[in-house]
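**Q** This is the structure I have questions about; it appears just below.
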Amino acid sequence: MISPAHAGEHGVQCRYLHHAMGHDHFLVPTDVSLSADSDVEFEAIPLDLVMNALSRVSGVRVVLLDACQDNPFIAAMRRSNATRSIGRGLAAIEPAAGTLVGYAAKEGTTAFDGAGRNSPYTAGLLAHLGEPGVDIQFVFRKVRDTVLAATGGKQEPFTYGSLPGREIFIAPPRGATAVSPANNSSRDASLTEIELWTSIRGSKSSGALKDYLQLYPDGLFVPLARLQIQQLENADHQSGASQEDAPNELAKRIQRELGRVGCNPGNPDGIWGGRTREALRRFARYSGAEIDMAKPTTIALKKLEGSTARVCPAVARPKSIEEPRHANNPNTRPRPTTEQKRAAAAPSASRPARVCRAETRDECRVRARAAGARRGSGFCRNPITICE
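Here you go:
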């Protein structure tokens with residue numbers, strides 16, 4: 022987070038305790054995921070914004086970058102511009118007069134997180150910032166020596182910038198009275214805006230971004246907020262269009278599967294009509310599955326896809342018998358032969374009548390296995406009729 026704290030007369034201190042990277046001085050919070058260098062402009066906070074916010078404050082300004090200063094996403098990031106480099110550490114900075122910027126590690130090097138609660142740089146700051154009556158320049162020299170000793174000379178803090186030619190105390194000498202800042206409203210407003218943007222920059226709701234635009238119509242992040250709102254609205258429009266097409270596509274897939282298992286829903290046109298529902302009803306009857314017929318569902322599709330063989334029995338179609346052209350004309354009708362006359366005179370041999378019966382339990386089990394029905398599904402509660 023970014024937090025303000027007084028640093029002497031009419032001064033302000035800004036601390037940033039997350040990752041930092043790049044020669045463009047981007048501050049990268051730890052909760053972001055960068056897949057390309059172009060993501061940095063949306064997810065990270067440019068150091069220039071912090072410096073601009075502090076430039077409105079009169080008096081001494083101190084920025085402490087207690088950041089790892091490495092690029093933890095360098096292995097995964099893609100470069101959208103071949104001329105841009107993705108490196109390690111922060112580059113040197115030239116702050117405005119009256120501003121002091123403290124790096125946890127000097128230009129181009131990285132800082133250690135430390136094994137304990139605090140990093141070596143934070144531990145050095147805590148050890149020396151509160152010393153009363155010590156000039157701020159000398160405080161940072163002490164911090165430098167402490168960090169070098171703690172890291173075996175591997176990490177060297179560094180400060181950039183210049184301060185006025187007078188003694189500046191973070192903690193006033195003992196017995197002295199600290200002077201309160203005369204006016205912190207401008208500083209507080211700028212830092213509050215940055216903190217608000219940090220909290221909503223990755224929001225998936227345009228409402229929070231629109232609230233920011235109402236609060237800060239001329240704010241630092243107005244262009245980014247408007248761009249994100251446009252992207253979210255475009256995504257919602259595309260999502261709505263795909264949801265409208267989804268039921269028709271699901272109905273087509275169900276119709277194709279019904280045809281595959283022999284239940285014949287007709288042409289797979291995506292229309293959930295009476296013929297499709299009747300075909301699904303036949304499938305449910307012969308497979309023993311419980312399916313909602315009112316609308317296409319993924320459950321129905323999965324049950325159809327789970328059937329590996331034909332489920333609905335074939336429906337016999339009556340054969341059309343074409344009458345001879347002379348059938349109704351007695352003059353052209355052929356005369357019966359002698360054999361036909363004898364056969365007509367002889368008593369007709371009785372042909373065995375067609376016998377219909379319900380399928381046996383074993384026959385139903387064979388059909389259930391072919392339909393892919395599971396045990397306990399009640400597949401054989403409605404046996405079919407077999408005519409022989």
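Numbers 22 to 409, taken from the numbering used here, label the letters of the sequence shown in order.
Where a beta carbon is used, it is the ideal one built from N, C-alpha and C, also for glycine.
1. Using 10 angstroms around the beta-carbon of Gln252, count the other beta-carbons present and answer buried if the total reaches 16, otherwise exposed.
2. Closest by CA to Lys175, which one among Arg165, Gly182, Thr358?
3. Going by DSSP, name the residue or residues bridged to Cys408.
4. What whole-angstrom Cβ distance do Pro317 and Ile250 have, given they're in contact under 8 Å?
5. Which runs of the beta strand (DSSP E) spanning at least 3 residues fall entirely within the segment 118-174, listed in chain order?
6. Can we say the segment 182-198 touches the segment 217-225, given the rule of at least three CB pairs closer than 8 Å?
7. Looking only at C-alpha atoms, which of Arg247, Lys127, Glu380 sits nearest to Pro404?
8. With DSSP run on the structure shown, which of helix, strand or coil describes Phe242?
9. Can you check whether the CB of Cys333 is closer than 8 Å to the CB of Arg296?
10. Would DSSP call Tyr307 helix, strand or coil?
11. Quick one: what's got a C-beta closer than 7 Å to Leu217's C-beta in the same chain, skipping five residues either side?
12. Spatial neighbours of Arg396 within its chain, please: CB distance less than 8 Å, with the 5 preceding and 5 following residues excluded, ordered by chain position.
13. Leu236 by DSSP, collapsed to three states: which one?
14. Tell me where the alpha helix (DSSP H) around Arg82 begins and ends.
15. Ignore the nearest five residues each way along the sequence and tell me which others in Ala246's own chain have a CB closer than 6 Å to its CB.
**A** In this structure, then:
1. Taking every protein chain shown into account, the CB of Gln252 has fewer than 16 other CB atoms within 10 angstroms, so this residue is exposed.
2. When each option's Cα is compared against that of Lys175, the closest is Arg165.
3. According to DSSP, which records beta bridges pairwise, Cys408 is partnered with Cys377.
4. At roughly 35 Å, the Cβ-Cβ gap does not stay under 8 Å, so Pro317 and Ile250 are not in contact.
5. 120-124
6. no
7. Closest by C-alpha distance to Pro404, out of Arg247, Lys127, Glu380, is Glu380.
8. Looking at Phe242 - three-state DSSP - the assignment turns out to be coil, as it is neither helix nor strand.
9. no
10. Secondary structure of Tyr307 (DSSP, three-state): helix.
11. Tyr233
12. Counting only Cβ-Cβ distances below 8 Å, and skipping sequence neighbours, we find nothing.
13. helix
14. Element bounds for Arg82: not the alpha helix (DSSP H) but the beta strand (DSSP E), 82-86.
15. Leu230, Tyr233, Leu234
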